[in-house]
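So the sequences go chain by chain: A and X. Take the first sequence: its letter number 248 is residue 796 in the numbering used here, and every next letter is one higher. Take the second sequence: its letter number 182 is residue 730 in the numbering used here, and every next letter is one higher. The beta-carbon is built from N, C-alpha and C at its ideal position, and this holds for glycine as well. Report on the following structure.
2 protein chains.
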Amino acid sequence: MKTIDFRTEPSQYRHWKLEFDGPVAHLIMDVDPNGGLFEGYELKLNSYDLGVDIELYDAVQRLRFEHPEVGAVVLRSAKESVFCAGANIRMLGKSTHGHKVNFCKFTNETRLSIEDATENSRQTYLCAVRGTAAGGGYELAVTAEHIMLIDDRKSSVSLPELPLLAVLPGTGGLTRVTDKRKVRRDLADVFCTTEEGVRGKRAVQWRLVDELIPPSAWHEKVASRAREFAEKSDRPKDAQGVALDRLAREITDNAMAYSHVRVELEREKRRANITITGPAEAPPADAAAAQALGTKFWPLTIARELDDAILHLRLNEPELGLLTFRTEGDGARVLAYDDFLAANQTHWLMREITHYLKRTLKRVDVTSRSIIALIEPGSCFAGTLAELAFAADRAVMFSGSRAGDNRAPAAIMLGAANFGAYPMGNGITRLQTRFLGEPATIEKAQVRSGETLDAEAAAELGLVTSVFDETDWNDEIRIMLEERASFSPDSLTGLEANLRFAGPETMETRIFGRLTAWQNWIFQRPNAVGEDGALKRYGTGQQPTYDRNRV
Amino acid sequence: MKTIDFRTEPSQYRHWKLEFDGPVAHLIMDVDPNGGLFEGYELKLNSYDLGVDIELYDAVQRLRFEHPEVGAVVLRSAKESVFCAGANIRMLGKSTHGHKVNFCKFTNETRLSIEDATENSRQTYLCAVRGTAAGGGYELAVTAEHIMLIDDRKSSVSLPELPLLAVLPGTGGLTRVTDKRKVRRDLADVFCTTEEGVRGKRAVQWRLVDELIPPSAWHEKVASRAREFAEKSDRPKDAQGVALDRLAREITDNAMAYSHVRVELEREKRRANITITGPAEAPPADAAAAQALGTKFWPLTIARELDDAILHLRLNEPELGLLTFRTEGDGARVLAYDDFLAANQTHWLMREITHYLKRTLKRVDVTSRSIIALIEPGSCFAGTLAELAFAADRAVMFSGSRAGDNRAPAAIMLGAANFGAYPMGNGITRLQTRFLGEPATIEKAQVRSGETLDAEAAAELGLVTSVFDETDWNDEIRIMLEERASFSPDSLTGLEANLRFAGPETMETRIFGRLTAWQNWIFQRPNAVGEDGALKRYGTGQQPTYDRNRV
Chain A
549 MKTIDFRTEP
559 SQYRHWKLEF
569 DGPVAHLIMD
579 VDPNGGLFEG
589 YELKLNSYDL
599 GVDIELYDAV
609 QRLRFEHPEV
619 GAVVLRSAKE
629 SVFCAGANIR
639 MLGKSTHGHK
649 VNFCKFTNET
659 RLSIEDATEN
669 SRQTYLCAVR
679 GTAAGGGYEL
689 AVTAEHIMLI
699 DDRKSSVSLP
709 ELPLLAVLPG
719 TGGLTRVTDK
729 RKVRRDLADV
739 FCTTEEGVRG
749 KRAVQWRLVD
759 ELIPPSAWHE
769 KVASRAREFA
779 EKSDRPKDAQ
789 GVALDRLARE
799 ITDNAMAYSH
809 VRVELEREKR
819 RANITITGPA
829 EAPPADAAAA
839 QALGTKFWPL
849 TIARELDDAI
859 LHLRLNEPEL
869 GLLTFRTEGD
879 GARVLAYDDF
889 LAANQTHWLM
899 REITHYLKRT
909 LKRVDVTSRS
919 IIALIEPGSC
929 FAGTLAELAF
939 AADRAVMFSG
949 SRAGDNRAPA
959 AIMLGAANFG
969 AYPMGNGITR
979 LQTRFLGEPA
989 TIEKAQVRSG
999 ETLDAEAAAE
1009 LGLVTSVFDE
1019 TDWNDEIRIM
1029 LEERASFSPD
1039 SLTGLEANLR
1049 FAGPETMETR
1059 IFGRLTAWQN
1069 WIFQRPNAVG
1079 EDGALKRYGT
1089 GQQPTYDRNR
1099 V
Chain X
549 MKTIDFRTEP
559 SQYRHWKLEF
569 DGPVAHLIMD
579 VDPNGGLFEG
589 YELKLNSYDL
599 GVDIELYDAV
609 QRLRFEHPEV
619 GAVVLRSAKE
629 SVFCAGANIR
639 MLGKSTHGHK
649 VNFCKFTNET
659 RLSIEDATEN
669 SRQTYLCAVR
679 GTAAGGGYEL
689 AVTAEHIMLI
699 DDRKSSVSLP
709 ELPLLAVLPG
719 TGGLTRVTDK
729 RKVRRDLADV
739 FCTTEEGVRG
749 KRAVQWRLVD
759 ELIPPSAWHE
769 KVASRAREFA
779 EKSDRPKDAQ
789 GVALDRLARE
799 ITDNAMAYSH
809 VRVELEREKR
819 RANITITGPA
829 EAPPADAAAA
839 QALGTKFWPL
849 TIARELDDAI
859 LHLRLNEPEL
869 GLLTFRTEGD
879 GARVLAYDDF
889 LAANQTHWLM
899 REITHYLKRT
909 LKRVDVTSRS
919 IIALIEPGSC
929 FAGTLAELAF
939 AADRAVMFSG
949 SRAGDNRAPA
959 AIMLGAANFG
969 AYPMGNGITR
979 LQTRFLGEPA
989 TIEKAQVRSG
999 ETLDAEAAAE
1009 LGLVTSVFDE
1019 TDWNDEIRIM
1029 LEERASFSPD
1039 SLTGLEANLR
1049 FAGPETMETR
1059 IFGRLTAWQN
1069 WIFQRPNAVG
1079 EDGALKRYGT
1089 GQQPTYDRNR
1099 V
């Protein structure tokens, strides 16, 4: 299997262009039909595959980190008659179920990161739709804060997945239509069952787009709208960005090594053991000094490395169904970095890094692998890194020390980062989600912030699932991990997708929970993926054959 | 295919017994192993199939309508060592995907109706668990307001679906564990992956049950708790119930006829046309007179008939993917009945009927068939019946009259029933769901209550999807219905499951949306249902074989 590499940079892009005009950037889709990630399909009409989305994700990240001066981003197409035709159908028809699901998940995350940039980095995305925005093309458009449609009697928005392909606009489309655009449900029904979509005034009336612009005013109006949004931004006009240099890593058959993240791949046991190293030094003197460190600033380093490691494992190591998280280092120093970030949230870069850590933790939350945190002597599950224990399906903690080990006993240290900095997709913190049934525990935990909580104290507070001492640790952990690895991967995916997201639902959790689950179901059904199904027959001239039973 | 009949009564029960002790009823599970709905499996250990659940639903309904004096219901088992072993595995292994999905949906609805009785009829369910409550058995227990577990070192609660069967506790289980019992997510993870479950004090500590009772005090404590809950009820101690006599209906190959509901089955077009007739007479003088009419009281009549028709279509007519709703009668008279019900909500039976109508409308909402309301001359889409138009995926309205037709032009009439009496599963009304993006419209509509809104007025208010006059009606409707029937049934199911439930999520919508979708996905996967999958191999002594790829 070809290794999918998520690392790229603008000079390597085949499908996107970035142009800059002061506080406005243009993110221009111009997909190279011959640039597919795999063989066997052409990316015609700005249709996309995972490779196109990897570049988009990279561009969105770079706009945030490398371009503090940019307050608005115009998403548009370089092609005359098409904005974007959505996910490439031949690619979908040939993909395994697992690839389709993981591709859609990454696409969802990238689209949510566009909304996160708009909301939290004040880098507002606008979308300028000229030509057809069909399926995933409209799904992409609707991530923007403001959608402009040219009134040329041809350009339209549509979600033709159902009539054409027997699947759903399942990568955020349906949910954004109802939850974000708040389109009336019967009009949404018409919209989603009408192959040709909607154009002109009706698109505005149905709230599918925000603004209709005559061709004569198109360029000028798009530019002026972008400037308006850029002016509202609080991003610094004259700051320098941080170059996201190429992430250094070494991947061998049984390990992945980054500077502060290493992953041991235990193939025969079907698990990947991830260890994150705490900061080697105290935080720098101030935000300027932190920025001078660039990608070597510890919080940014681990955000990037963990992000890449999770993505790599998802797409390239599907059989490693179990992730363990360990940390090593000085917990107090992790808290010092958290405090440093918290104290400097008015600095654009420190804000960016906090949101990047937030997104990376969310990526862990929606990763369909069982996750076990192993909290051992010498570890530093403190503040930001303690979130990994709360993101895990279970956290198991070592009580006391191992004979002959002079490192500090296992401890959890709570800090402000655990009480608000990193909301989950459901809008509340991992501790709030954990303690839905006993909210008073959150306050009890919060007053212990900064303390070194040993295994017994952590268990008493409900922060860990179980505690073992040296006598039992090895056997208990071995049995637990072996048992977990013996279960059906599918049922674990379903279990975790439900238990991890207790509590409130948001547009984000509805996308990953409800919509994705229905799409995954359909992605298994012969009506879509069978030999006579719509995804396989699309473009062949043959009509699909459907099993007419309603389920 | 054997026709599944949802009509039953206590004298026909094979699996349940009802006992009455003043204000306390006992609903006792005693499944007849040889009483399966289909051949090929034995219902051992109080395991259940759809037939068992049909009786349970009937019992829950009768307790509400026939027993106003009952304020508390104790759910228990007649078998010594088992409370309930959950859904029968051999039945699941042999069932079609469609049957499994529809069986689970009905089970979900019945369980929600138990919670509805507790919350809204003040008939509180308690559960007395002696023996094992495993899988669906615990899912059933957790519908109760108060769960008592006997502390006999053997009795336990468990959700062993994942380790034993490679599926989920997917019929409300996971969602109730997190949302209702608010079990900590990591403990829920342990609970759901531990075959033998949890017993004794730990079950209370983890919030899986409410109370642990020593064997010596068991009968007395269960009885006293039930009396306590019964005493808190506002149900009348001395009222007479309404006998739910056997529903009269005639089903032929192309029609289903009830007294006020008729269904035309157009098999070649794959649709069922449902027509509901409005009340023939004005409402009775008072609640006592209404009660004297019994099941002939129009609102109760249509609730029962529509309920039965929908269930029949779901289980027995899976290829009829499209339902049309028509009404005929006098809209003003429908509103008069609504007003009558609203004015008499302090009468236990009028309250029951309102909640039954609510549940029946919810049953429509979660029915996975496309639903089109056709609002034509002579119809009475008013108040309660107008909810059918708002429950539909689309509502199409006739403008003006047909030549030679002297009935009143099509009209919608709004009334108080449309603004609060019938919340959807998401906790808000169908109009609130419809107008999420324009809440002001709800007030605009509400001030028009009681008016005869013609097609143009209804369209202006956004109450209907489209309007056609006599010139276009026949062709437009034909094309729309033919097109709908041509789409992939699966993608329509997914589309409708998303678009119908815009807005807030509740435990109920999370059960039907998120959990059900994941379970349906797993119900397609070879790891569960393949020849070597866990559902097929259960009980054979052979281990299942799993595809180890994580999706």
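*asked:* If I measure Cβ to Cβ from Phe1016(X) and keep anything under 6 Å in the same chain, skipping five residues before and after, which residues do I get?
replied: By one-based count along the second sequence, residue 1016(X) stands at place 468. Contacts found: Glu1024.
*Extent of the continuous alpha helix (DSSP H) to which Leu936(X) belongs*: Here residue 936(X) refers to the residue found at position 388 of the second sequence. Going by DSSP, Leu936(X) is part of the alpha helix (DSSP H) stretching over Gly931 to Ala939.
*Element boundaries [beta strand (DSSP E), containing Thr872(X)]*: Locating residue 872(X) in the second sequence gives position 324, counting from the first residue. Where Thr872(X) is concerned, the enclosing beta strand (DSSP E) stretches over Leu870 to Glu876.
*Which residues in the same chain have their Cβ closer than 8 Å to the Cβ of Asp856(A), if we skip the five residues on either side of it in sequence?*
The residue you call residue 856(A) lines up with position 308 of the first sequence. The answer, listed in chain order, is Phe554, Arg555, Leu795, Arg797 and Tyr806.
*Residues that Arg950(A) contacts on chain X, provided the C-beta gap is smaller than 9 Å*: Start at 1 with the first residue of the first sequence, and residue 950(A) comes out as number 402. Simply none; closest approach about 24 Å.
*asked:* Counting only Cβ pairs nearer than 8 Å, list the residues of chain X close to Phe651(A).
replied: By 1-based counting over the first sequence, the position of residue 651(A) is 103. Under a criterion of Cβ atoms nearer than 8 Å, no residue of chain X is adjacent to Phe651(A); the nearest Cβ is some 11 Å distant.
*Find out if the Cβ-Cβ distance for the pair Glu614(A), Val731(A) is shorter than 9 Å.*
The residue given as residue 614(A) occupies position 66 in the first sequence. The residue given as residue 731(A) occupies position 183 in the first sequence. Not in contact: Glu614(A) and Val731(A) (Cβ atoms no closer than 9 Å).
*Can you name the residues of chain A whose CB is closer than 9 Å to the CB of Leu710(X)?*
Reading the second sequence from its first residue, position 162 is the one you call residue 710(X). Result: Phe1035, Ser1036, Ser1039, Leu1040, Gly1042 and Leu1043.
_As a quick exercise: from Met639(X), Asp580(X), Ser595(X) and Ser625(X), pick the residue whose alpha carbon is nearest that of Glu567(X)._
The residue you call residue 567(X) lines up with position 19 of the second sequence. Shortest Cα-Cα distance from Glu567(X) to any of Met639(X), Asp580(X), Ser595(X) and Ser625(X) involves Ser625(X).
_By the three-class DSSP mapping on this structure, what secondary structure does Ile822(X) have?_
Taking the first residue of the second sequence as position 1, residue 822(X) is located at position 274. DSSP places Ile822(X) in strand when its eight states are reduced to three.
_Count Cβ pairs between the stretch 741-759 of chain A and the stretch 1087-1096 of chain A that sit closer than 8 Å; are there 3 or more?_
No, they do not touch.
*With DSSP run on the structure shown, which of helix, strand or coil describes Leu792(X)?*
Residue numbering aside, residue 792(X) sits at position 244 when the second sequence is read from its first letter. Reduced to three states, the DSSP call for Leu792(X) is coil.
*asked:* For a contact defined as C-beta to C-beta under 7 Å, what are the partners of Asn656(X) on chain A?
replied: Within the second sequence, the letter at position 108 stands for residue 656(X). The contacting residues do not exist; Asn656(X) stays about 14 Å from chain A at best.
_Selection from Glu986(A), Asp786(A) and Ala951(A) that minimises the alpha carbon distance to Val618(A)_ = Stepping through the first sequence from its first residue, residue 618(A) is reached at position 70. Nearest C-alpha to Val618(A): Asp786(A).
_I need the straight-line Cα distance from Ala736(X) to Ile824(X), nearest angstrom please._
The count along the second sequence starts at 1 and reaches residue 736(X) at position 188. The count along the second sequence starts at 1 and reaches residue 824(X) at position 276. In this model, Ala736(X) and Ile824(X) are separated by some 45 Å (Cα to Cα).
*Tell me, to the nearest whole angstrom, how far the beta carbon of Ala943(X) is from that of Asp734(A); I am working on the premise that it is less than 8 Å.*
Mapped onto the second sequence, residue 943(X) falls at position 395. Mapped onto the first sequence, residue 734(A) falls at position 186. Yes, Ala943(X) and Asp734(A) are in contact; Cβ-Cβ is about 7 Å, under 8 Å.
*Counting contacts by CB-CB distance shorter than 9 Å, is Gly1051(A) in contact with chain X?*
By 1-based counting over the first sequence, the position of residue 1051(A) is 503. At least one CB atom of chain X sits nearer than 9 Å to the CB of Gly1051(A).
*Do you know offhand how far Asn1068(X)'s Cα is from Gly684(X)'s?*
Here residue 1068(X) refers to the residue found at position 520 of the second sequence. Here residue 684(X) refers to the residue found at position 136 of the second sequence. Asn1068(X) and Gly684(X) have their alpha carbons spaced roughly 16 Å apart.
*asked:* Please tell me whether Asp1080(A) has its Cβ less than 9 Å away from any Cβ of chain X.
replied: Here the question's residue 1080(A) lines up with position 532 in the first sequence. No, its Cβ sits nowhere closer than 9 Å to a Cβ of chain X.
*Identify every residue that forms a DSSP beta bridge with Glu943(X).*
Taking the second sequence and counting its residues from 1, the one referred to as residue 943(X) is at position 395. Rather than Glu, the amino acid found at residue 943(X) in this sequence is Ala. Ala943(X) pairs with Ala921(X).
*If you run the structure through DSSP and keep just helix, strand and coil, what is Lys565(A)?*
Taking the first residue of the first sequence as position 1, residue 565(A) is located at position 17. When DSSP states are grouped into helix, strand and coil, Lys565(A) belongs to the strand group.
*Do Pro571(A) and Glu779(A) have their CB atoms nearer than 9 Å?*
Counting from one through the first sequence, the residue named residue 571(A) turns up at place 23. Counting from one through the first sequence, the residue named residue 779(A) turns up at place 231. Closer than 9 Å, so yes.
*Does DSSP put Phe845(X) in a helix, in a strand, or in coil?*
Sequence index remark: in the second sequence, residue 845(X) carries index 297 (1-based). Here Phe845(X) sits in coil by DSSP.
*Closest residue to Arg773(X) among Tyr673(X), Pro763(X) and Ala1045(X) (Cα-Cα distance)*: Numbered from 1 along the second sequence, position 225 holds the residue referred to as residue 773(X). Across the set Tyr673(X), Pro763(X) and Ala1045(X), the C-alpha of Tyr673(X) shows the shortest separation from the C-alpha of Arg773(X).
*asked:* Need the endpoints of the beta strand (DSSP E) that Arg909(A) sits in, please.
replied: Residue 909(A) sits at position 361 when you count from the first residue of the first sequence. Per the sequence presented here, residue 909(A) reads as Leu, with Arg not at that position. In the DSSP annotation of this structure, Leu909(A) is not part of any beta strand (DSSP E); the continuous alpha helix (DSSP H) holding it starts and ends at Trp896 to Asp913.
*Under the three-state DSSP convention, the category Glu744(A) falls into*: Here residue 744(A) refers to the residue found at position 196 when the first sequence is read from its first residue. In the three-state reduction of the DSSP assignment, Glu744(A) falls in the coil class, being assigned neither a helical nor a strand state.
_Ala921(A) vs Thr981(A) beta-carbon contact at 9 Å_ = For this step, residue 921(A) is matched to residue 373 along the first sequence. For this step, residue 981(A) is matched to residue 433 along the first sequence. Not a contact, by the Cβ cut-off of 9 Å.
_Candidates Ala969(A), Pro987(A) and Pro866(A), of which the one nearest Gly899(A) by Cα_ = The residue you call residue 899(A) lines up with position 351 of the first sequence. Looking at the sequence shown, residue 899(A) is not Gly but Arg. Taking the Cα of Arg899(A) as reference, the smallest distance to any Cα among Ala969(A), Pro987(A) and Pro866(A) is reached at Ala969(A).
_As assigned by DSSP and simplified to three states, the class of Arg1098(A)_ = Here residue 1098(A) refers to the residue found at position 550 of the first sequence. Residue state, collapsed to three classes: coil.
_Partners in chain A for His645(X), counting only beta-carbon separations shorter than 8 Å_ = For the purposes of this step, residue 645(X) is identified with residue 97 of the second sequence, where counting begins at 1. Those within 8 Å of His645(X) in chain A are Val1099.
*Helix, strand or coil: how does DSSP classify Phe613(X) here?*
Reading the second sequence from its first residue, position 65 is the one you call residue 613(X). Three-state DSSP puts Phe613(X) in a helix.
*CB contact flag (Cys632(X), Gly718(X), <9 Å)*: Taking the second sequence and counting its residues from 1, one reaches residue 632(X) at position 84. Taking the second sequence and counting its residues from 1, one reaches residue 718(X) at position 170. Cβ atoms of Cys632(X) and Gly718(X): not closer than 9 Å.
_So with CB distances below 7 Å, who are the chain X contacts of Leu936(A)?_
Here residue 936(A) corresponds to residue number 388 of the first sequence, with the count starting at 1. Residues of chain X passing the Cβ test: none, with the nearest at roughly 13 Å.
_Chain-ordered chain A contacts of Glu867(X) [CB-CB under 9 Å]_ = Position 319 of the second sequence, counting from 1, holds the residue named residue 867(X). Within 9 Å Cβ-Cβ: Arg1096, Asn1097 and Arg1098.
*asked:* Just checking: is the beta-carbon of Arg747(X) within a distance shorter than 9 Å of some beta-carbon in chain A?
replied: Working through the second sequence from its first residue, we reach residue 747(X) at position 199. Chain A, which has no Cβ nearer than 9 Å to the Cβ of Arg747(X), makes this no.
*Quick one: what's got a C-beta closer than 6 Å to Leu598(A)'s C-beta in the same chain, skipping five residues either side?*
What you label residue 598(A) is simply residue 50 of the first sequence in a count that begins at 1. Counting only Cβ-Cβ distances below 6 Å, and skipping sequence neighbours, we find Leu585 and Phe651.
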